[in-house]
Every structure is written in C-alpha cells, then in structure tokens.
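Peer 1: So that we are looking at the same thing, I have put the structure below in structure tokens.
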Amino acid sequence: MYKSVLENPLCLEGFELQHILEYAENFSNSTGNNSVVTRMKQGLELYNDKFLSDLRFVIPEDGKFTITADVRAAMKKRVKYQPVSEVQTDCKVLQAQCTCAVGAVPAYCKHVFTLLHAISDYSKQKLYAAPTAKLQTWHQPKAMKTVPLPCQEVFGKPSTYEGPSNTNFNWGALKDFSLPIFDACMESVEAKYKLTIPLPAVACSNIGINEFPDDLTLRKMLFINMHYSKDLSELHEIEKKTVEQKSLEWQNGRKIRLTGSNIKDIVTRVKDFENLAASIRRKKDMDISFIPAVAYGIQNEEYVRQWYIAKNPQCVVRKTGLVIHPVYQYIAASPDGLIKSGDDYMLLEIKCIFNPKNIPLIELCQKRVGFCLVNTDGKISLNKNHKYYYQIQCQLAVSNLKECKHKIFFF
Numbered sequence: 201m202y203k204s205v206l207e208n209p210l211c212l213e214g215f216e217l218q219h220i221l222e223y224a225e226n227f228s229n230s231t232g233n234n235s236v237v238t239r240m241k242q243g244l245e246l247y248n249d250k251f252l253s254d255l256r257f258v259i260p261e262d263g264k265f266t267i268t269a270d271v272r273a274a275m276k277k278r279v280k281y282q283p284v285s286e287v288q289t290d291c292k293v294l295q296a297q298c299t300c301a302v303g304a305v306p307a308y309c310k311h312v313f314t315l316l317h318a319i320s321d322y323s324k325q326k327l328y329a330a331p332t333a334k335l336q337t338w339h340q341p342k343a344m345k346t347v348p349l350p351c352q353e354v355f356g357k358p359s360t361y362e363g364p365s366n367t368n369f370n371w372g373a374l375k376d377f378s379l380p381i382f383d384a385c386m387e388s389v390e391a392k393y394k395l396t397i398p399l400p401a402v403a404c405s406n407i408g409i410n411e412f413p414d415d416l417t418l419r420k421m422l423f424i425n426m427h428y429s430k431d432l433s434e435l436h437e438i439e440k441k442t443v444e445q446k447s448l449e450w451q452n453g454r455k456i457r458l459t460g461s462n463i464k465d466i467v468t469r470v471k472d473f474e475n476l477a478a479s480i481r482r483k484k485d486m487d488i489s490f491i492p493a494v495a496y497g498i499q500n501e502e503y504v505r506q507w508y509i510a511k512n513p514q515c516v517v518r519k520t521g522l523v524i525h526p527v528y529q530y531i532a533a534s535p536d537g538l539i540k541s542g543d544d545y546m547l548l549e550i551k552c553i554f555n556p557k558n559i560p561l562i563e564l565c566q567k568r569v570g571f572c573l574v575n576t577d578g579k580i581s582l583n584k585n586h587k588y589y590y591q592i593q594c595q596l597a598v599s600n601l602k603e604c605k606h607k608i609f610f611f
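See the structure below:
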C-alpha cells in the first residue's frame with residue numbers, strides 16, 4: 201500500500217542527479233538514442249512548473265522502494281499520468297514505467313524523469329528529516345477586525361525604541377555554532393568562491409596604461425585611468441560581483457573591453473582595422489539572445505554545468521564572472537566556470553551545438569561549413585581555426601591558467 205510523503209518520510213538519503221544520469225545512460229547505451237537527454241530536461245521543466253503532485257511510495261521489504269506520483273499532461277489539463285519507479289535503498293534506479301503511451305517497461309518518458317527529479321529534490325532538501333508535514337498554527341493569533349488609520353498618524357509619530365540594552369555579546373565564545381541556514385549556504389556561490397581562487401590568478405605590479413600612446417587627450421587619459429588602471433584586488437572584486445553573468449555590471453564591463461568572442465577577428469585581420477573597430481563597437485550594443493542557436497546555448501548551459509558537477513563530485517566547480525587581464529585591462533573574458541581538482545585549477549567552457557535537424561555529429565564535421573569541431577581519423581576535436589579556439593586561448597590568457605575543460609552539448 202502506498203504511503204504519502206506528507207505522512208511518512210521517504211528515507212532515500214543521497215538520491216541526486218548522478219543517479220538520474222546513470223539511469224538515462226542505460227537507455228542511450230542500449231539503444232544508441234540520445235533523445236533521452238531532452239526528456240530529462242522536459243521532466244525537470246514539468247517538475248519546476250509544479251505538474252507533479254501526491255508523491256507516494258511503498259515501504260521497502262526487499263531492498264527497494266516503489267515510488268509513484270501524479271503528473272499532469274503538458275497539453276491536456278484533465279489528464280494525469282502515473283509514472284512508477286523502482287529505486288534501491290542505495291539510490292540506484294532499477295526500472296520505471298508510466299501510464300502514458302510510451303511508458304512500457306523500461307520507461308524513459310518525460311513523466312518518469314519528472315518523478316525522478318522530484319525524488320532528487322526531496323532528498324536534496326532532506327525533507328525526510330522533517331518532524332511534521334505541516335507546521336502547527338496554535339500559536340498564531342486569530343484574525344480580528346481593525347479600524348484603518350490615516351498613514352500620517354501611523355508613520356508620523358516619533359519612534360519610542362531606544363535600541364538594545366546590551367551590544368557586547370561575545371559571539372566568538374560559541375563553539376561549533378551552526379544553523380541549517382548556514383549549512384545550506386555552503387552550496388551557495390559565495391561558499392564555492394571561498395573554496396577556490398579569485399581570477400585572474402596572478403599578481404602583477406605593472407598596469408596596461410603604459411601601453412597607450414602619449415598624445416591622448418585629457419578626457420581619454422581620465423577614461424583609461426578610471427577603467428584600465430585597477431589593481432589586482434579591484435579586478436578580483438569585479439570578477440566576484442559579476443559571477444551572475446548578464447548583470448548590468450557585467451554588460452558594462454564588457455562594453456568597454458575586447459572580449460574572447462572578438463579575438464579571432466582581431467588576430468586574423470590584416471587591413472581595414474578602423475572598420476573592424478567600428479563593427480566591434482556596434483555589436484557591443486546588439487542583443488542576440490533571440491537567435492535560436494544563442495537561445496539554445498543559454499537554455500542548456502546550466503544543465504551541462506550541473507551534469508559536469510554530478511560526474512565529478514571530487515571537484516569544486518563555481519561560476520565565473522568577468523575576468524580582466526591584469527596588465528592589458530582592455531581585454532577580458534567570461535569563462536563558464538572554474539574547476540578546482542585537488543591542487544590544480546582549470547577553466548570550464550561549455551558549447552551547446554544547435555542541431556534542430558538531428559544530423560549526426562560526424563556528418564556535421566564533414567558538411568557544416570566553418571563547424572567548430574573536426575574529425576581526424578575518427579577522433580573529434582576542437583577546430584583550431586574556429587573562433588571558439590581563439591576564445592578559449594583568450595580566457596586562459598586573462599585568467600593565467602594553463603588548462604580548460606571544453607564540454608560540448610550535442611543531442
């Protein structure tokens with residue numbers, strides 16, 4: 201008999217994205233079909249959009265949980281499907297099925313992945329440890345009618361609060377002081393930032409202002425002094441503040457600098473430099489997020505980053521902001537991540553290949569003009585003549601790191 205998680209804890213501690221990926225890989229390995237990744241994403245979207253309800257399970261007697269839930273159909277409001285998954289107590293997904301049209305055992309439909317993402321979120325939040333499903337409300341005062349007052353009578357009165365009587369409490373005397381919210385913060389961007397190094401990873405006493413011509417106007421000199429003459433601590437602060445890329449500060453910092461996406465055009469140019477400069481400036485103000493290929497990359501980047509984190513639990517992976525070259529401060533780049541593996545550091549760069557016609561990767565290498573990958577004797581690698589290669593070289597240069605993990609998302 202099924203038990204609701206609202207009444208009985210589902211004691212499946214440690215179930216995470218890695219276990220979902222392993223289940224999905226079984227399908228890819230056995231069929232050669234990679235469409236399961238799309239279904240994983242669709243399942244996550246359905247879960248985030250609250251299409252799942254009534255998560256319930258059978259208490260295991262043979263070393264495995266049988267877990268199910270109701271998942272509303274995406275296109276039919278009154279239709280609900282019931283995906284069912286068998287999960288071992290060590291979190292391995294054995295098999296699944298669903299009442300939808302493609303839900304035969306073993307099922308890999310989006311409703312099954314909606315269920316698996318729900319289990320993962322339940323385990324991640326440690327809801328199995330909650331003492332009750334609903335907070336008690338006996339201490340809350342009953343609603344009562346009040347007489348409205350003009351705001352000037354409420355806010356116009358001077359405050360009678362005199363402040364705390366004792367402000368000398370010694371917080372340092374509390375040993376091993378901890379709260380759940382502090383533990384949760386260890387997963388935050390701030391915590392991961394402290395576990396790694398700031399970028400750029402170099403200490404330089406020289407600044408790039410000496411590289412500029414001597415006949416600049418006062419206005420240009422002031423601009424250079426304001427933006428291109430920062431010390432290392434200021435550059436670290438900018439990188440930290442712009443970790444959430446696409447912010448206004450990140451955009452403004454990129455507008456006044458050459459970035460990784462410009463490098464190939466600059467390096468390979470042999471004439472008409474003024475036209476190139478005008479083109480670069482013009483593109484700085486263009487919003488290209490509506491282009492399907494760009495939008496596809498934006499939508500999938502975080503998913504690929506989380507996949508890499510799940511595959512490499514021994515590493516610390518954090519997002520990066522705008523990394524400015526410590527000497528030539530008119531050059532910057534925005535890598536997709538910084539990886540700490542033991543004592544080594546390397547960058548993470550993610551590229552999501554837009555392939556709406558589902559053309560095989562090897563065929564794309566052969567037929568798509570200017571493709572970012574090349575097939576050399578069966579080994580697929582990054583095309584060194586492509587702008588992505590120059591972009592990564594720029595990222596390594598401004599960060600002062602020697603290695604970059606280049607992850608290609610292709611389905």
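Residue numbering for the sequence shown follows the working numbering, starting at 201 and increasing by one per position.
Where is the CB? At the ideal position from N, CA and C, for every residue including glycine.
These numbers come from a predicted model, not from an experiment.
Looking at the secondary structure, which residues open and close the beta strand (DSSP E) in which Lys264 lies?
Peer 2: Residue numbering aside, residue 264 sits at position 64 when the sequence shown is read from its first letter. Unbroken beta strand (DSSP E) run through Lys264: 264 to 272.
Peer 1: Given this structure, state the Cα-to-Cα distance separating Ser204 from Pro556, to the nearest angstrom.
Peer 2: Here residue 204 is taken as the residue at index 4 of the sequence shown, counted from 1. Here residue 556 is taken as the residue at index 356 of the sequence shown, counted from 1. Distance between the alpha carbons of Ser204 and Pro556: 41 Å.
Peer 1: Return the CA-CA distance between Asp600 and Ile539, expressed in angstroms with no decimal places.
Peer 2: As a first step, residue 600 is located in the sequence shown; it is residue number 400 there, counting from the start. As a first step, residue 539 is located in the sequence shown; it is residue number 339 there, counting from the start. The displayed chain sequence assigns Asn, not Asp, to residue 600. Straight-line Cα distance between these residues: approximately 14 Å.
Peer 1: Using the Cα positions of Asn248 and Leu315, report the straight-line distance between them to the nearest angstrom.
Peer 2: As a first step, residue 248 must be located in the sequence shown, where it is residue number 48. As a first step, residue 315 must be located in the sequence shown, where it is residue number 115. One C-alpha to the other measures close to 11 Å.
Peer 1: Of all the options Pro535, Tyr588, Ser433, His606, which has the alpha carbon lying nearest to the alpha carbon of Gln595?
Peer 2: As a working mapping, residue 595 is identified with position 395 in the sequence shown. Nearest option by C-alpha distance: Pro535.
Peer 1: Would you decide whether Glu563 is buried or exposed? Buried here means 16 or more other CB atoms lie within 10 Å of its CB.
Peer 2: The residue given as residue 563 occupies position 363 in the sequence shown. Flag for Glu563 reads exposed.
Peer 1: Check whether the segment 450 to 466 and the segment 522 to 532 are in contact - that is, three or more C-beta pairs closer than 8 Å.
Peer 2: Two segments are said to touch when three or more pairs of C-beta atoms, one from each, lie closer than 8 Å; by this definition the segment 450 to 466 touches the segment 522 to 532.
Peer 1: Go ahead and pull the three-state DSSP assignment for Ala510.
Peer 2: One-based indexing of the sequence shown puts residue 510 at position 310. Ala510 falls in the helix class under three-state DSSP.
Peer 1: Inspect the CB distances between the segment 508 to 523 and the segment 393 to 402 and report whether three or more fall short of 8 Å.
Peer 2: yes
Peer 1: Does the Cβ of Gly570 have 16 or more other Cβ atoms within 10 Å, making it buried, or fewer, making it exposed?
Peer 2: Residue numbering aside, residue 570 sits at position 370 when the sequence shown is read from its first letter. Exposed is the call here.
Peer 1: Go ahead and pull the three-state DSSP assignment for Cys565.
Peer 2: What you label residue 565 is simply residue 365 of the sequence shown in a count that begins at 1. Cys565: helix per DSSP, three-state reduction.
Peer 1: May I have the straight-line CA-CA distance separating Asp487 from Leu435, to the nearest angstrom?
Peer 2: If you number the sequence shown from 1, residue 487 lands on position 287. If you number the sequence shown from 1, residue 435 lands on position 235. Using only the alpha carbons, I get a separation of about 26 Å.
Peer 1: For Val271, tell me which candidate among Glu286, Asn583, Cys300, Val287 has the shortest Cα-Cα distance.
Peer 2: Taking the sequence shown and counting its residues from 1, one reaches residue 271 at position 71. Considering only alpha carbons, the answer is Cys300.
Peer 1: Check whether the Cβ atoms of Ile267 and Ser253 sit closer than 8 Å, and answer yes or no.
Peer 2: Here residue 267 refers to the residue found at position 67 of the sequence shown. Here residue 253 refers to the residue found at position 53 of the sequence shown. No, the Cβ-Cβ distance between Ile267 and Ser253 is not below 8 Å.
Peer 1: Going by CA-CA distance only, name the one from Tyr223, Val494, Leu432 that's closest to Phe554.
Peer 2: Working through the sequence shown from its first residue, we reach residue 554 at position 354. Phe554 has its Cα closest to that of Val494, out of Tyr223, Val494, Leu432.
Peer 1: Below 6 Å CB to CB, which residues in the same chain sit around Ala304 once its five sequence neighbours on both sides are set aside?
Peer 2: In the sequence shown, counting from the first residue as 1, residue 304 sits at position 104. Hits under 6 Å: none found.
Peer 1: Quick one, which of Glu245, Arg482, Gln499 has its alpha-carbon nearest Val489's?
Peer 2: In the sequence shown, residue 489 corresponds to position 289, counting from 1. The sequence given here places Ser at residue 489; Val does not occur at that position. The residue with the shortest Cα to Cα distance from Ser489 is Gln499.
Peer 1: Roughly how many angstroms lie between the CA atoms of Arg482 and Asp472, to the nearest whole one?
Peer 2: Against the sequence shown, residue 482 aligns to sequence position 282. Against the sequence shown, residue 472 aligns to sequence position 272. Computed Cα separation, rounded: 16 Å.
Peer 1: Tell me which residue opens and which closes the alpha helix (DSSP H) that Asp321 is part of.
Peer 2: Residue numbering aside, residue 321 sits at position 121 when the sequence shown is read from its first letter. Run containing Asp321: 310 to 324, per the alpha helix (DSSP H) assignment.
Peer 1: Taking a contact to mean a Cβ-Cβ separation below 8 Å, would you say Gly243 touches Lys292 in this structure?
Peer 2: Numbered from 1 along the sequence shown, position 43 holds the residue referred to as residue 243. Numbered from 1 along the sequence shown, position 92 holds the residue referred to as residue 292. No. Outside cutoff.
Peer 1: Going by beta-carbon coordinates alone, are Ser323 and Phe251 separated by less than 8 Å?
Peer 2: Here the question's residue 323 lines up with position 123 in the sequence shown. Here the question's residue 251 lines up with position 51 in the sequence shown. No.
Peer 1: Can you tell me which of the three DSSP states Leu210 falls into?
Peer 2: Residue mapping note: residue 210 aligns to position 10 of the sequence shown, counting from 1. It is coil, neither helix nor strand.
Peer 1: Could you check what DSSP says for Asp383 in three-state terms: helix, strand or coil?
Peer 2: Your numbering for residue 383 matches position 183 in the sequence shown. Note that Asp383 has pLDDT 48, beneath the 50 cutoff, so the model's placement of it is unreliable and the number below is only indicative. The answer is helix: DSSP assigns Asp383 an H, G or I state.
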